[in-house]
Amino acid sequence: MFVILTLLMILMIAGAVVAIQSKNLLSAAVSMGVVGFGLTLVFLVLQAPDLAVVQIVVETLTLIILIAAILKTTMKESKVEKSAVVIYSGIATVVLLVILVFVLGGVFKQLPDFGHPDLRMSEYYIEQGLEKTGAANLVASVILDFRAYDTLGEATVLFTAVMGTFAVLRRKGRKE
Amino acid sequence: MTYLLCSLLFLVGLSGVLLKRNLIKIVISLTIVEYSLFMFLALVGYKQNAFPPIVKSVAEEANYVDPLPQALVLTAIVIGLATTALLVALAVRIYEKYGTFDIREIRRLKG
Amino acid sequence: MKGMTEIVKTVSKLLAGLIFFYGIYIVVFGHLTPGGGFAGGVIISGAFILLIIANGIDEEKIKGEKERASFLESLGIFLFWIISIIALCMGAFFFLNFLGKGRPLNMFSAGTIPLCNIAIAIEVSAALCSIVIAFILVKKGDNK
Amino acid sequence: MSSPSIAQYLLPVLVVLPLGGAFLIQLLKKISKLISDIIANFILGVLVVLVFSLLNSPVLVYKVGGWMPVKGIPIGIYLVLDGLSLLLLIIINMIGLISLIFSISYMRRFTNRPLYYTLFLLMIAGMNGVVMGGDLFNIYVFLEVAAIASYSLVAFGTEADELEASFKYQVMGTVASAFILLGIIIIYSITGTLNLADIGRVLKDEVTEAPIILTGVLFLVGFGLKGAMMPFHAWLPDAHPSAPAPISAMLSGVLIKAIGIYTLVRIMFNVVGVIPLFSTIMLYISAISMTAGAFLAFAQWDFKRLLAYSSISQMGYVMLGIWLMTPLGILGGLFHMLNHSVFKSLLFLNSGAVVYGTGSRQLKRLGGLNQKMPITSSTSLIASMSIAGIPPFNGFWSKLIIIMACIQSRHFFLAGLAVVVSVMTLVYYLKVQRYAFWGELQLTLKDIREVPFAMCFSMILLAFLCTIMGALLLPGVKELFIDPAVNTLVNGREYISLVLK
Chain A
139 MFVILTLLMI LMIAGAVVAI QSKNLLSAAV SMGVVGFGLT LVFLVLQAPD LAVVQIVVET
199 LTLIILIAAI LKTTMKESKV EKSAVVIYSG IATVVLLVIL VFVLGGVFKQ LPDFGHPDLR
259 MSEYYIEQGL EKTGAANLVA SVILDFRAYD TLGEATVLFT AVMGTFAVLR RKGRKE
Chain B
33 MTYLLCSLLF LVGLSGVLLK RNLIKIVISL TIVEYSLFMF LALVGYKQNA FPPIVKSVAE
93 EANYVDPLPQ ALVLTAIVIG LATTALLVAL AVRIYEKYGT FDIREIRRLK G
Chain C
83 MKGMTEIVKT VSKLLAGLIF FYGIYIVVFG HLTPGGGFAG GVIISGAFIL LIIANGIDEE
143 KIKGEKERAS FLESLGIFLF WIISIIALCM GAFFFLNFLG KGRPLNMFSA GTIPLCNIAI
203 AIEVSAALCS IVIAFILVKK GDNK
Chain D
4 MSSPSIAQYL LPVLVVLPLG GAFLIQLLKK ISKLISDIIA NFILGVLVVL VFSLLNSPVL
64 VYKVGGWMPV KGIPIGIYLV LDGLSLLLLI IINMIGLISL IFSISYMRRF TNRPLYYTLF
124 LLMIAGMNGV VMGGDLFNIY VFLEVAAIAS YSLVAFGTEA DELEASFKYQ VMGTVASAFI
184 LLGIIIIYSI TGTLNLADIG RVLKDEVTEA PIILTGVLFL VGFGLKGAMM PFHAWLPDAH
244 PSAPAPISAM LSGVLIKAIG IYTLVRIMFN VVGVIPLFST IMLYISAISM TAGAFLAFAQ
304 WDFKRLLAYS SISQMGYVML GIWLMTPLGI LGGLFHMLNH SVFKSLLFLN SGAVVYGTGS
364 RQLKRLGGLN QKMPITSSTS LIASMSIAGI PPFNGFWSKL IIIMACIQSR HFFLAGLAVV
424 VSVMTLVYYL KVQRYAFWGE LQLTLKDIRE VPFAMCFSMI LLAFLCTIMG ALLLPGVKEL
484 FIDPAVNTLV NGREYISLVL K
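In order, the protein sequences belong to chains A, B, C and D.
Be aware that the first sequence starts at 139, since it is given in the working numbering, and climbs by one per residue.
Be aware that the second sequence starts at 33, since it is given in the working numbering, and climbs by one per residue.
Be aware that the third sequence starts at 83, since it is given in the working numbering, and climbs by one per residue.
Be aware that the fourth sequence starts at 4, since it is given in the working numbering, and climbs by one per residue.
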């Protein structure tokens, strides 16, 4: 299990690097799809079937929206000339990220190690989940009963995004 | 070790946001940053050789994976979809107005 | 936007019904099997999007569709909003699961959870359909 | 199952009502053109009445879903109302109502009014959800609701530069949310719970551990980006000017406080506990914000960009007050936050009136407006006086308290800096008055008229507030408004025992 997880993660990182560096926008979108569907497999390996179902479907939809936008505009990446500014900012960012890797690495050692989480709030969800809410799918009971207020906020986020997309994509913003 | 790989993906996405000039590339890098956070959340909730959080029968008392981070990931996935949809809508309209996806071009045209 | 070849059109007509019912299955059994309001809603919207992309659309007819989709979306989230405040109006706590829990492990068993799942599925499927229709309606770079 | 007490009843209504209103507007928008105005204004009016009825209530804790704690561990999501969130609620809903009245006639120039009102109500609901949230992930979700609504409202005019400003604002906002989510995940993996009070209880002694310091830094970066603190302010001078005037009044006056400053202060003071090193870092950040914001504002010729930079500088004042960590400093910071939301939104509404009347924001092309637009120029004179800290108006009192707090805690350099920046603020607001309102009337502007009644009414209301809010420091009134907020911050970790009693 552990080996599969590491392999999948390496695949996702490779897909991410290709997505960012590729010249053609369509191939960038497709390699983003690689990262997304790799994430679906990671969810399956981590015993999270709920997430795999939602992730695979939402990933397909994100790709549809992204590729629809790319086909409407242009596929070629803007030409990146190697000016001094680009190189300096590149080096500065790489140095910053290397420092961040060490900081995050140091901190993650002190978190409860992988595979043995210290449950506190969710012990109750696991023991009393079925009895108190009647739902066999504990994740559904957490989403729609223990923390239903989150899901109301989150459905509102989707509603706001649709209203925002309508506001941005309408033909004329101002009347005069 | 797995947390380190996950933070590597976060940093690759973050570097894409900081370095890239193309609007669509920035949107893709932001999505990759969000994917790494979802993975990190799922990793935090994982328990060694435990069952997925679907109760098979009322009687037996199996040990399940932690359902709370999975609920958080479900919410975060839809928030990520909402943000991406709005960002891509903005990128399409910006391309329509400026004719290019390149930030430097847009800043020059904006004047 | 013109549709695709004849083969794709017929296959998409056959498949769309299947995907639609699979989505409904995921929503209705959301509290028993993995899935739920969100996954099922997105699958249902996938069925509609497949039909739109495969068969192509004419601009005017789809504008009416977009209005209906956004109305259905507001209706869906309004239903979910009403489920959340019914308990508040009855004097109990906000978002209380007031319906009976029923016998575990069968369809009518989790109080308001299946109703919430259905309301969310309506909202999510209508929302994503209207987003994709809005993207398709954007003309290809008309005014600079 | 004990049902909630009457006062507790109002907590969820403050979030549910604007949400319901937003969905209702989208359902009923076909009935008549006025329906969305009526619903939106009615709901915000009810909200203001509810907030003022909650004034001197004790700390209220509302358990959503009726889930009582098990073995002392909170299970569901809590809504917590204490002094600090009540002060923020007053700011959000009062300025929201006044901006809404202003936008009744201002938004005639824009298409699709119901969509505008829906997004406005969603922003109000999001901010109310953030301010009353007692659960870390719940604050993140409602923060996203308010943020996404404000991204689309900034791009509401779909002009070329507005779209670009909204895109830059959204990219930086999403990066900020990613950092905040990373912080939340680390806190969850350490403490195993998401309830703010419970996190505080679990973290009681280990405040100097590496993960907690990293989470502090992540929250500083994330909420700093959302609140446009100095190193992360790049999006604000583009986003605020390009938004429609009532929206930039809401963004500058309310959003960066409720999302940026409130959340950072709540987590740092009440939950994690402030390390002395952290408060000195914040003092430096606020000092830089204050001075750099003033210098940048000094050089602007666009009316709204000048106001945007001045917001950054005034936010520096607020944070300077709060992060002195002394009762007097916190009093000054919170009182300045209240005052700033009033006079900054008045200034943005004035800029909207000028744009509505003359059609341009460039100070060079304006002049002598006080002959043609008396109400706008007189209210903007009052606002400029109070932001610059001239005695009778409210800005003077809060700046005075902040400077006294700096002296009391022996930060003489910061006190001097605050005085210098206050003088600079006076200078660049006089520049605005000189070029926009006094001076001779430009030939092109001969035929402009005063703005319609709804806009004048809201400007006069805000100007009236500017004058009387100095009285908030009187002994009788102070206990009602400001003291509960100051006490929640002064005895920081009491919050945990209050919520989990």
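Here a beta-carbon is modelled for each residue, glycine too, at the ideal position from N, C-alpha and C.
Pull up the distance between the alpha-carbon of residue i and that of residue j, whole angstroms please.
i, j, result
"K95 of chain C", "A129 of chain C", "9 Å"
"T303 of chain A", "I333 of chain D", "41 Å"
"I193 of chain D", "E137 of chain B", "46 Å"
"Q445 of chain D", "L310 of chain D", "23 Å"
"K226 of chain C", "A246 of chain D", "Since pLDDT at K226 of chain C reaches only 39, below the 50 mark, its modelled position is unreliable, and the value read off the structure follows with that caveat. Roughly 22 Å between the two C-alpha positions."
"F45 of chain D", "L238 of chain A", "50 Å"
"F120 of chain C", "L223 of chain D", "33 Å"
"I270 of chain D", "F460 of chain D", "38 Å"
"F456 of chain D", "A300 of chain D", "31 Å"
"E453 of chain D", "A474 of chain D", "31 Å"
"Q303 of chain D", "G296 of chain D", "11 Å"
"G23 of chain D", "S221 of chain A", "53 Å"
"I3 of chain D", "N490 of chain D", "Coverage of chain D is limited to positions 4 through 504, which leaves residue 3 of chain D absent and any answer about it impossible."
"D224 of chain C", "V280 of chain A", "Summary for D224 of chain C: the model assigns pLDDT 47, below 50, so the residue's position carries little reliability, and this model does not support an answer."
"D305 of chain D", "L366 of chain D", "6 Å"
"K36 of chain D", "A273 of chain A", "44 Å"
"N179 of chain C", "T271 of chain A", "8 Å"
Leaving out five residues on either side along the sequence, give the residues of the same chain with a beta carbon under 6 Å from the beta carbon of residue i.
i, result
"G355 of chain D", "Y109, A248"
"G48 of chain B", "S61"
"S152 of chain C", "S212"
"F396 of chain D", "M388, S389, C469"
"A163 of chain D", "none"
"I204 of chain C", "G158"
Sorted by chain position, which residues of the same chain lie with C-beta nearer than 7 Å to residue i's C-beta, five sequence neighbours on each side aside?
i, result
"S289 of chain D", "G319, M322, L323, W326"
"L37 of chain B", "none"
"A418 of chain D", "I406, C409, I410"
"L75 of chain B", "T34, Y35, C38"
Can you find the residues in the same chain that come closer than 8 Å, C-beta to C-beta, to residue i, ignoring five residues on each side of it along the sequence?
i, result
"I167 of chain C", "F176"
"I189 of chain D", "P214, L217, T218, L221"
"A421 of chain D", "M293, Y320, L323, K402, I405, I406, C409"
"G138 of chain C", "M83, K84, G85, M86"
"Y104 of chain C", "I125"
"T92 of chain C", "none"
"Y143 of chain D", "S180, I183, L184, I187"
Under a three-way DSSP split, which group does residue i fall into?
i, result
"V49 of chain D", "helix"
"F272 of chain D", "helix"
"I151 of chain D", "helix"
"Q303 of chain D", "coil"
"G371 of chain D", "coil"
"G77 of chain B", "coil"
"G132 of chain D", "helix"
"F113 of chain D", "strand"
"L69 of chain B", "helix"
"K74 of chain D", "coil"
"Q436 of chain D", "helix"
"R312 of chain A", "strand"
"G138 of chain C", "strand"
"Q317 of chain D", "helix"
"N179 of chain C", "coil"
"G223 of chain C", "Summary for G223 of chain C: the model assigns pLDDT 48, below 50, so the residue's position carries little reliability; its value from the coordinates is reported in the next sentence. Looking at G223 of chain C - three-state DSSP - the assignment turns out to be coil, as it is neither helix nor strand."
"N54 of chain B", "strand"
Consider the C-beta atom of residue i and the heavy atoms of the ligand GDP; say whether any pair is separated by less than 7 Å.
i, result
"A152 of chain A", "For the ligand GDP, the structure offers nothing, since it holds no ligand at all."
Give the residues from the segment 162-176 of chain D that approach chain B closer than 7 Å (Cβ to any Cβ), ordered along the chain.
-> Listed by position, the residues of the segment 162-176 of chain D near chain B (Cβ gap below 7 Å) are A163, D164, L166, E167, S169, F170, Q173, V174.
Please list the residues of the segment 181-214 of chain C that have a C-beta atom closer than 8 Å to any C-beta atom in chain A, keeping them in chain order.
-> K183, G184, P186, L187, S191, A192, G193, T194, I195, C198, N199, I202, E205, V206, A209, L210, S212, I213, V214
Mind listing which residues of the segment 192-215 of chain A have their C-beta closer than 8 Å to chain B's C-betas, in chain order?
-> Listed by position, the residues of the segment 192-215 of chain A near chain B (Cβ gap below 8 Å) are V192, Q193, V196, L199, T200, I203, L204, A207, I208, K210, T211, T212, E215.
The segment 167-185 of chain A: positions lying closer than 8 Å to chain B by Cβ | A167, M170, V173, G174, L177, V180, F181, L184, Q185
Cβ-based contacts, 7 Å cut-off: residues of the segment 174-203 of chain D near chain B = V174, T177, V178, A181, L184, L185, I188, Y191, S192
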